[in-house]
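In the order they appear, the protein sequences are chains F and G.
With the first letter of the first sequence counted as 1, position 183 gets the number 183 in my numbering; the numbers rise by one all the way through.
Converting from the second sequence to my numbering requires adding 398 to each position, the first position being numbered 1.
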Amino acid sequence: MLRKKECVAMLLAGGQGSRLYALTNNIAKPAVAFGAKYRIIDFPLSNCINSGIDTVGVLTQYEPLELNEYIGNGQPWDLDRAFGGVHILSPYQAKKKQSWFEGTANAIYQNLHFMKKYDPDYILILSGDHIYKMDYADMLRAHKATGADCTIAAIEVPIKEASRFGVLNCNPDGTIYEFEEKPKQPKSNLASMGIYIFTAKKLFDYLEADDKNPDSSKDFGKDILPAMLKAGEKMVSYRFKGYWKDVGTITSLWESNMDLLGAEPAFDVGDSDWKIHSRNPLAPPEYIGEKAVVDNSLIALGCEIEGNVKNSVLASNVIVEAGATVRNSVIMAGTVIRKNAVVEYSIIDENVTVETGATVGAPKEEGAGIAVLGRGITIASGAKVAGGVILDKDYKGE
Amino acid sequence: MAHSTVGVIFSNIHDENIPELSRQRTMASVPFGGRYRLIDFALSNMVNSGITTVGIVTKNNYQSLIDHLGSGKEWDLARKDGGIKLLPPYSDETDKPYTTRLEALMGITGFLNHRNEDYVVISDCDGIAHMNIADIVRYHEENGADITMVYHEETEPSESSYFITLQPDASGRIKGLRINPSDLKKGKRYNLYVNIMVMSREFLVNTIQSAVQRGFSSFGRDILAKNVDTLRIFGYAFKGYYAGVNSIQDYYKHSMELLEKPVRDELFGARDIYTKVRDSAPSKYLEGATVKDSLISDGCVIEGTVENCILFRGVKVGKGSVVKNSIIMQDTVIGEHVSLDSVITDKNVVIRDRRTLAGCPELPYFVSKGRML
């Protein structure tokens with residue numbers, strides 16, 4: 001049998017996610033919990049397996065422990081394979097070099113040997129920062145059909161937000177004539193999604209050239225793509241229409257969680273045609289008590305709800321005691337909300353305890369923003385955490 | 399565990415207890431508690447007690463069981479040596495598949511001979527409990543017992559068609575053993591054997607061999623009852639929560655007991671109960687949903703009212719529907735403005751809009767697998 005994979009995916013999961021503050025103190029952004037039972041990385045990994053791509057390198061650097069443990073042998077995503085499967089690629093020492101990944105392109109460059117082992121025709125570059133469902137196989141078909149050297153997935157964004165993205169300026173046939181990284185005055189509203197398919201040989205050549213260039217910042221958006229464009233390589237945009245959300249900020253993470261709610265949600269994780277795979281919690285079914293009121297919410301296994309939960313997303317083994325209220329909030333696994341406590345417009349990380357009668361956050365309308373509680377902390381009985389406050393240590397009140 | 403133990407689980411024995419649920423599956427694969435199958439409790443108890451090899455004796459209807467167990471990895475039993483060993487019946491032109499427990503054991507002597515563990519724990523799948531098998535093996539060793547039988551004190555007469563009661567003395571040694579006694583009265587205490595026993599592997603293999611030579615066919619009558627005086631048979635009193643599933647009424651009653659917190663804490667709180675996972679989405683409670691005193695599994699979408707119920711994975715409850723005191727199994731779809739009270743639906747049932755079904759707790763209304771009403 002030919003030991004070959006047509007397409008190998010490389011998932012950039014080294015991001016620190018500093019704009020998630022306390023939520024990424026000890027974990028990499030792709031390992032951040034999302035949607036009651038998922039983590040951000042479940043989405044690109046599920047997209048891979050659902051698109052028939054069974055060889056994925058996951059590049060980690062920042063706080064990789066939990067991410068490594070979560071991915072394990074890849075079995076939950078059916079990526080536990082004799083040839084291929086998911087592999088964690090950490091920075092390493094070698095005879096000739098010893099370095100951390102310096103930029104996105106450098107991270108891929110340092111793992112050339114991993115990709116070459118599979119003799120691939122195409123390389124798919126992904127990031128672990130977004131919530132979306134996408135058929136990469138369709139994008140690969142487009143890449144082959146246009147004969148492109150590089151295909152960049154692109155989505156229309158409101159023009160006033162375009163300056164946050166890499167912007168693609170395209171001809172009517174979709175070929176890209178200009179690529180601007182976070183332009184102040186964007187010429188188009190077509191944003192790069194950070195998803196690239198390269199013809200493998202071209203990518204390898206450009207990565208090697210880039211590595212020899214001392215002036216390069218070793219970044220895809222800033223260096224590799226402009227260099228290819230300049231050299232006249234064929235670069236084509238691939239239009240994606242659907243839900244795509246960067247969950248790199250507290251606000252976008254909260255919004256994206258809320259997008260899962262309702263009978264016709266903006267983003268449906270229950271879609272049986274495009275299953276989102278994840279490592280499942282070991283927990284009994286959730287118990288909803290006699291006095292509980294649960295309205296417009298997503299609740300994971302193992303929860304014990306005796307209080308009121310409205311417009312919220314609760315991950316596994318969360319306890320909401322009698323008289324407590326959780327509204328417009330995202331609560332991660334193992335957190336306990338004790339009697340008569342109130343949680344409003346907040347994101348609470350794993351294993352937090354909000355003691356009896358404590359208050360966390362303030363209604364959205366008050367404009368103070370989302371309150372955030374970091375992992376494992378305790379909010380003392382009766383303490384008040386104001387709206388918009390971010391805490392990563394126990395809090396006893398004023 | 400100082401000594402190693404191998405597990406043997408009988409998946410089919412007691413199938414006749416709840417024909418409604420075991421028509422198309424083994425007793426072992428009867429769904430229970432929202433996301434489990436009965437075998438998950440016996441298997442998890444073994445795994446949590448350090449057992450890494452479990453032979454599963456099957457006879458018929460075991461496709462659903464094979465599908466559930468897979469490679470055994472969910473129970474951490476996908477092992478290089480040992481793990482889950484499915485033991486289908488052995489038969490040829492002259493031999494028929496087994497009809498008794500003893501014949502089934504005769505059929506797995508090859509498996510038992512090839513293992514090297516010191517002890518064997520044999521368990522059926524008709525009981526739900528959180529039990530430490532290592533404690534039972536230790537008790538067996540300390541007593542120098544030939545056989546240790548686990549019992550639970552009961553006050554309700556058993557509804558099983560075949561059961562054993564034990565009379566231990568102060569030391570725990572069994573002095574009397576009765577099969578299907580007919581004089582059990584409601585409220586009167588007796589010790590019900592819960593179909594879990596421990597023996598040394600060597601003792602079991604020798605016992606089976608001599609039973610073959612003598613043409614014995616019943617483990618209970620020919621081996622246990624006949625030898626109460628000569629063998630050292632001990633009883634291990636299990637003091638925790640035990641739910642024997644001997645009828646559809648039992649099944650309903652014990653399912654509903656899961657809504658009591660102490661029962662849930664004992665079964666699920668101390669140790670994990672492992673089961674097959676399905677990658678369902680978290681359950682979604684829509685606007686206008688009312689859920690009270692219920693256990694809800696993943697993948698459910700609830701728009702109506704659910705009270706005092708157990709919902710398995712992937713159940714849909716439509717707008718305006720009221721479901722009370724019911725057990726709704728996997729992927730059942732309940733339309734709009736449906737009323738259900740004291741109903742058990744098996745998997746993949748569809749209840750169309752505006753239907754009303756009601757049973758009573760003593761006689762729940764049962765809807766069989768895949769039906770559309």
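The C-beta atom is built at its ideal place from N, Cα and C for all residues, glycine as well.
Residue closest to residue i, alpha-carbon to alpha-carbon, out of the options
| i | options | result |
| --- | --- | --- |
| Ala13 (chain F) | F:Glu102, F:Ala31 and F:Glu398 | F:Ala31 |
| Tyr549 (chain G) | G:Gly768, G:Leu761, G:Ser427 and G:Met595 | G:Met595 |
| Asp677 (chain G) | F:Leu301, F:Pro265, F:Lys218 and F:Glu66 | F:Leu301 |
| Cys7 (chain F) | F:Val330, F:Met139 and F:Leu89 | F:Met139 |
| Lys682 (chain G) | F:Glu290, F:Glu306, F:Pro281 and F:Lys310 | F:Lys310 |
| Pro285 (chain F) | G:Gly431, G:Asn511 and G:Leu467 | G:Gly431 |
| Ile197 (chain F) | F:Ile125, F:Ser18, F:Asp173 and F:Glu66 | F:Ile125 |
| Lys478 (chain G) | G:Asp663, G:Thr450, G:Ser645 and G:Val445 | G:Thr450 |
| Asn169 (chain F) | F:Lys212, F:Ser192 and F:Ala148 | F:Ser192 |
| Asp696 (chain G) | F:Leu207, F:Gly289, F:Ile370 and F:Asn280 | F:Asn280 |
| Asp691 (chain G) | F:Ile288, F:Ala9, F:Asp295 and F:Gly376 | F:Ile288 |
| Tyr238 (chain F) | F:Tyr206, F:Thr251 and F:Asp173 | F:Asp173 |
| Lys291 (chain F) | F:Ala324, F:Lys230 and F:Glu208 | F:Ala324 |
| Ser217 (chain F) | F:Leu79, F:Glu102, F:Gly397 and F:Thr378 | F:Glu102 |
Within 8 angstroms, strictly: CB atoms of residue i and residue j
| i | j | result |
| --- | --- | --- |
| Val747 (chain G) | Arg769 (chain G) | yes |
| Glu156 (chain F) | Leu190 (chain F) | yes |
| Gly84 (chain F) | Tyr118 (chain F) | yes |
| Gly716 (chain G) | Glu701 (chain G) | yes |
| Ile531 (chain G) | Val519 (chain G) | yes |
| Ala543 (chain G) | Phe632 (chain G) | yes |
| Tyr350 (chain F) | Gly334 (chain F) | Here residue 350 (chain F) is Glu; the residue named in the question, Tyr, does not match the sequence. Contact flag set, yes. |
| Gly128 (chain F) | Val313 (chain F) | no |
| Asp223 (chain F) | Ala105 (chain F) | yes |
| Ala107 (chain F) | Cys48 (chain F) | no |
| Glu557 (chain G) | Asp648 (chain G) | yes |
| Ile53 (chain F) | Ile71 (chain F) | no |
Buried or exposed by the 16-neighbour rule on C-beta atoms within 10 Å, applied to residue i
| i | result |
| --- | --- |
| Pro579 (chain G) | exposed |
| Pro158 (chain F) | exposed |
| Ala82 (chain F) | exposed |
| Ala400 (chain G) | Reliability fails at Ala400 (chain G), whose pLDDT of 45 lies under 50, so the model's placement of it is uncertain and the value that follows must be treated cautiously. Classification for Ala400 (chain G): exposed. |
| Asn308 (chain F) | buried |
| Arg587 (chain G) | exposed |
| Pro566 (chain G) | buried |
| Gln110 (chain F) | buried |
| Arg39 (chain F) | buried |
| Trp100 (chain F) | exposed |
Within-8 angstroms CB hit, residue i to chain G
| i | result |
| --- | --- |
| Leu45 (chain F) | no |
| Ile456 (chain F) | Only positions 1 to 398 of chain F appear in the structure, and residue 456 (chain F) is not among them; the question remains open. |
| Lys364 (chain F) | no |
| His277 (chain F) | yes |
| Tyr132 (chain F) | no |
| Ala292 (chain F) | yes |
| Asn296 (chain F) | yes |
| Lys37 (chain F) | yes |
| Ile152 (chain F) | no |
Cutoff 8 angstroms: residue i Cβ touching any chain F Cβ
| i | result |
| --- | --- |
| Pro680 (chain G) | yes |
| Ala400 (chain G) | For Ala400 (chain G), the pLDDT reaches just 45, beneath the cut-off of 50, and the residue's location in the model is therefore unreliable, although a value from the coordinates is still provided. Chain F contact via Cβ: absent. |
| Ala609 (chain G) | no |
| Val731 (chain G) | no |
| Lys690 (chain G) | yes |
| Gly432 (chain G) | yes |
| Tyr672 (chain G) | yes |
| Asp696 (chain G) | yes |
| Ala687 (chain G) | yes |
Beta-ladder partner(s) of residue i, from DSSP
| i | result |
| --- | --- |
| His130 (chain F) | F:Asp246 |
| Met10 (chain F) | F:Gly57 and F:Ile125 |
| Phe408 (chain G) | G:Val455 |
| Cys698 (chain G) | None, per the DSSP bridge assignment. |
| Phe198 (chain F) | F:Ile123 and F:Cys150 |
| Asn169 (chain F) | F:Glu178 |
| Tyr549 (chain G) | G:Tyr591 and G:Ala635 |
| Asp295 (chain F) | F:Lys310 |
| His87 (chain F) | F:Gly57 |
| Ile572 (chain G) | G:Pro566 |
| Tyr434 (chain G) | G:Phe430 |
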